[in-house]
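Residue numbers for the sequence shown follow my numbering, beginning at 5 and rising by one.
See structure below.
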Amino acid sequence: MNALHRDLERLVDRVEREDASHVQADPYRQHFHLMPPVGWMNDPNGLCRCGEWYHVFYQYGPFDATGGVKLWGHYRSRDLLRWEKAPAMLYPDQTWNLHGVYSGSALIEGGVMYLYYTGNVKHPGAHDYIKTGRGHNTALAVSRDGVTAESNELLMTNQDYPEGLSCHVRDPKVWRENGRYYMVQGARTMEDRGEILLFASDDKRRWSHINTLTTPGVFGYMWECPDLFEIAGQRVLACSPQGVSQQGMRFQNVYTCGYFPLYGDFCGAYSLGAFAELDCGFDFYAPQTFLDGDRRLMLGWMGMPDAEYENPTVSNGWQHCATVMCEVVWRDGRLLRRPVAELEQLRGERCVPEDAEIFDLEYVPQGDGAMTIRGSAVIEWRQGELILRYETGGAGRTMRRTKVDTVRNLRVLADASSLEIFVNEGETVLSSRYYPPVAARGVCFHGEGKAKLWKMHALSMTEMS
Ligand code: FRU
């Protein structure tokens with residue numbers, strides 16, 4: 005352990021202790037979502053199940069609720085319900101990650117965690133930090149318990165990436181398939197085209213670039229946080245593209261997030277099918293999937309980079325959270341996303357709509373209709389459209405519309421400061437933060453339908469012992 009690591013560890017510990025009571029007093033702290041203990045959270049990283057533990061690492065900025073230098077925060081759980089807050093795992097303490105331990109993933113082999121990440125370095129000088137001045141290094145930390153890194157090594161620098169790229173190459177997602185290791189990374193070319201680099205390795209350390217995955221026409225300037233996996237026989241390339249302009253009801257957020265079905269050979273000749281958005285709300289970005297036995301789970305960041313929202317939690321010393329843990333399934337040519345079954349164990353007593361505050365709602369409407377949640381969030385479905393609209397409480401968010409031919413069923417998870425709306429078993433999902441007046445309660449239905457409502461208990465959260 006070097007002195008920088010040691011001192012950062014102490015500082016994180018100190019700021020978490022000093023700021024805890026201020027942060028914990030915020031009525032907008034979530035009950036059943038993972039959040040930063042203090043400060044800032046963005047992407048989930050290194051998601052995995054290793055032995056009996058699920059691990060959620062995440063982009064953590066403990067010193068600044070609006071961002072700051074990133075390290076890997078860490079939560080772990082055996083059942084996705086009782087969580088332990090573990091010490092931060094990766095610190096910016098090496099020459100190749102000094103200005104941030106950026107996003108990455110976990111490969112599990114023989115009970116060992118191989119944590120691949122991007123080390124961010126900003127060189128001094130007059131740079132734009134896009135085309136010059138930034139090192140985006142690929143690195144590997146190895147750990148048996150997710151708590152202590154036994155090694156941390158630099159694997160690739162910008163010189164090792166193909167020609168024609170800007171400095172933005174990041175977010176390695178690694179998996180093993182047919183006896184080889186594969187890695188995808190997001191990239192921005194010098195011509196501002198977003199693409200995904202595919203690397204292969206036989207030993208987890210020496211990587212060769214073997215393919216580049218992109219669309220025939222330019223689709224945004226940068227593709228962040230790629231994920232490539234097979235589900236029910238279909239290969240899917242998920243990523244978070246930046247620079248895609250709004251087209252009617254599509255791409256309403258500053259950056260988008262979704263997937264392409266990939267046809268053919270991802271290592272050779274391939275084509276990408278139509279891009280589908282993974283979420284139509286205000287706050288969903290940089291999700292990552294991992295295999296848990298035979299189900300594929302997905303966790304996203306319930307936030308949006310560079311959006312002009314002013315989340316009121318910032319003045320209480322923290323910002324952002326993760327979505328609920330979801331399972332993804334492939335049905336009729338599309339990915340569906342639904343909360344994992346475990347979450348139903350957080351359902352407490354049934355409650356009447358007038359009392360609802362932090363709840364899980366199942367609703368089967370008859371025809372067009374609407375509901376108002378806690379006074380100022382309106383979900384409305386009519387004429388082939390579903391709308392989420394905030395009268396107040398949006399902190400800058402106003403309205404999102406999406407095409408849904410028929411709303412057969414809705415599930416709404418409402419936490420202290422978020423709504424996640426799952427339409428038709430997760431065919432369409434809208435994830436958004438929402439800040440109603442603290443005393444506001446109740447769901448008011450407009451139109452006919454059958455509702456089942458449960459109060460939701462909080463996740464249990466303890467310090468790792
Ligand atoms: C996505 C992202 C990643 C990067 C990380 C830095 O939100 O920009 O591409 O690794 O955040 O925090």
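Yeah, the Cβ is synthetic: ideal placement off N, Cα and C, and Gly gets one too.
For N101, DSSP records no beta bridge to any residue. Per DSSP, reduced to three states, the secondary structure at E22 is helical.
Around the CB of C271, fewer than 16 other CB atoms lie within 10 Å, so the residue is classed as exposed. Rounded to whole angstroms, the separation of the alpha carbons of G373 and Y106 is 43 Å. Going by DSSP, P91 is part of the beta strand (DSSP E) stretching over 86-94. DSSP, reduced to helix, strand and coil, places L303 within a strand of the structure shown.
Set against 7 Å, the gap from the CB of S107 to the closest heavy atom of the ligand FRU is smaller. Proximity of the beta carbon of E228 to the ligand FRU is indicated: a heavy atom of the ligand is located closer than 7 Å.
Around the beta carbon of G337, a 10 Å sphere encloses fewer than 16 other beta carbons of the protein chains shown; the residue is thus reported as exposed. Runs of the beta strand (DSSP E) lying entirely within the stretch 365-443, each at least 3 residues long, are 381-386, 389-394, 403-407, 414-419, 422-427, 432-437 in chain order. With a cutoff of 7 Å, G55 does not count as near the ligand FRU, since its C-beta is closer than that to no heavy atom of the ligand. R174 and Q189 do touch by the CB rule: their CB atoms are close to 6 Å apart, below 8 Å. I134 and T193 have their C-alpha atoms some 10 Å from each other.
Counting only residues of its own chain and dropping the five nearest sequence neighbours on each side, S155 has a CB closer than 6 Å to the CB of V146.
By alpha-carbon distance to I377, the top candidate from D419, G400, R354, G352 is D419. The stretch 41-49 and the stretch 429-440 do not touch, with fewer than three beta-carbon pairs separated by less than 8 Å. Distances from the CA of R239 to each of M226, T219, L266, A462 were compared; the closest alpha carbon is that of L266. In the DSSP assignment, the residues bridged to D296 are R299.
Approximately 10 Å separates the beta-carbon atoms of P48 and G77; this is outside 8 Å, ruling out the contact. According to DSSP, residue pairing for Y289 in a beta bridge involves W305. Residue burial is scored here from C-beta neighbours: A443 has fewer than 16 other C-beta atoms within 10 angstroms and is therefore classed as exposed.
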